[in-house]
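Numbers in our numbering are just positions in the sequence shown, counted from 1, shifted up by 335. Single-structure report; data block below.
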Amino acid sequence: VNSIRISARRIENLVKSLRNFSRQSQGEMESVDLRNGLKDTLMILGNRLKNINVNLDLPAIPLVNCYSGEINQVWTNIILNACDAMNGKGDLYVSCFSSSSGYVCVSIADTGPGVPDKHKAQIFDTNFTTKTEGGEFGLGLGLSISKNIIEKHQGSITVGDGPQGGAIFMVCLPAMPSAPIEKSIEEADLE
């Protein structure tokens, strides 16, 4: 009986995340706490993340004015690429912070092989993919679309070498001129 309750609660949380995720794809720009979109994305991708250790560092940050459904698509693209790079197992680090220059930044790092230097300059180009070997196939659209979305929001997206040896993607978006959110979001239960 207890396992049925736990399963029902997980299904309820997944349905809630899916509703939030899809509803945010429509309408006008809104004031958004990026941490909620990150949590929803991680919940939706839970099956892909089941063998990945997800580490969250999500302190209080200012709100961002954005089309949240589009920003959630960026999180999805980056996290799915990290899952693919790590072959479904490893460590994923998701953190956010507020910069002194008025931006809210989200970093997503993995423990995969990283992005070779020769690919970094073109990783955001349309039709560029590294998924051509070993049965993998990619269209080279996910990161290109992500860059377009972030630039549409007057932000930036970069790739570098992660502190754990994999890749790190940094997304920075203009913060709304308001007080930061008071409450930190605790590490999500992704099991």
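Backbone N, C-alpha and C define an ideal beta-carbon position, used for all residues, glycine too.
(request) State the start and end residues of the unbroken beta strand (DSSP E) segment that holds S435. (result) One-based indexing of the sequence shown puts residue 435 at position 100. Where S435 is concerned, there is no enclosing beta strand (DSSP E), because DSSP gives it neither an H nor an E.
Given 8 Å, three or more beta-carbon pairs between the region 497 to 511 and the region 437 to 448:
Output reads yes: the region 437 to 448 touches the region 497 to 511.
When burial is assigned at 16 or more other CB atoms within 10 Å of the CB, is Q292 buried or exposed? Absent from the structure is residue 292, since the part of the chain shown begins at 336 and ends at 526.
Worksheet entry | Residue environment, I458, which counts as buried when at least 16 other CB atoms sit within 10 Å | Residue numbering aside, residue 458 sits at position 123 when the sequence shown is read from its first letter. Taking all protein chains shown into account, I458 has 16 or more neighbouring C-beta atoms within 10 Å of its C-beta and is therefore buried.
### Query
Rounded to whole angstroms, how far is the Cβ of A420 from the Cβ of P448, which I believe are closer than 8 Å?
The residue you call residue 420 lines up with position 85 of the sequence shown. The residue you call residue 448 lines up with position 113 of the sequence shown. With a beta-carbon spacing of about 6 Å, A420 and P448 fall inside the 8 Å limit used to define contacts.
Nearest candidate by alpha-carbon position, reference N386, set T446, I484, L373: The residue labelled residue 386 in the question sits at position 51 within the sequence shown. The shortest Cα separation from N386 among T446, I484, L373 belongs to T446.
Exercise. Mind checking P397: buried by the 16 CB within 10 Å criterion, or exposed?
Worked result: Start at 1 with the first residue of the sequence shown, and residue 397 comes out as number 62. By the Cβ-count criterion, P397 is buried, with 16 or more other Cβ atoms from all chains shown falling within 10 Å of its own Cβ.
Where does the unbroken beta strand (DSSP E) through D368 begin, and where does it stop? The sequence position of residue 368 within the sequence shown is 33, counting from 1. Going by DSSP, D368 is part of no beta strand (DSSP E) at all; its letter is neither H nor E.
What distance in whole Å lies between the Cβ atoms of G477 and N412, which are believed to be in contact at a cut-off of 8 Å?
Locating residue 412 in the sequence shown gives position 77, counting from the first residue. Locating residue 477 in the sequence shown gives position 142, counting from the first residue. At roughly 4 Å, the Cβ-Cβ gap stays under 8 Å, so N412 and G477 are in contact.
Between E405 and I492, how many whole angstroms is the CB-CB distance? I'm expecting something under 8 Å.
Within the sequence shown, numbered from 1, the residue matching residue 405 stands at position 70. Within the sequence shown, numbered from 1, the residue matching residue 492 stands at position 157. Not really, about 13 Å apart at Cβ, beyond 8 Å.
Practice task
Can you tell me the Cβ-Cβ gap for M511 and N371, rounded? I've got them flagged as a contact below 8 Å.
Solution key: On the sequence shown, residue 511 is found 176 positions in, with the first residue counted as 1. On the sequence shown, residue 371 is found 36 positions in, with the first residue counted as 1. Rounded to the nearest angstrom, the Cβ distance from M511 to N371 is 15 Å, too far for a contact under 8 Å.
### Unbroken beta strand (DSSP E) run spanning I492, endpoints
Counting from one through the sequence shown, the residue named residue 492 turns up at place 157. It spans 491 to 496 - the beta strand (DSSP E) in which I492 sits, taken as one unbroken run.
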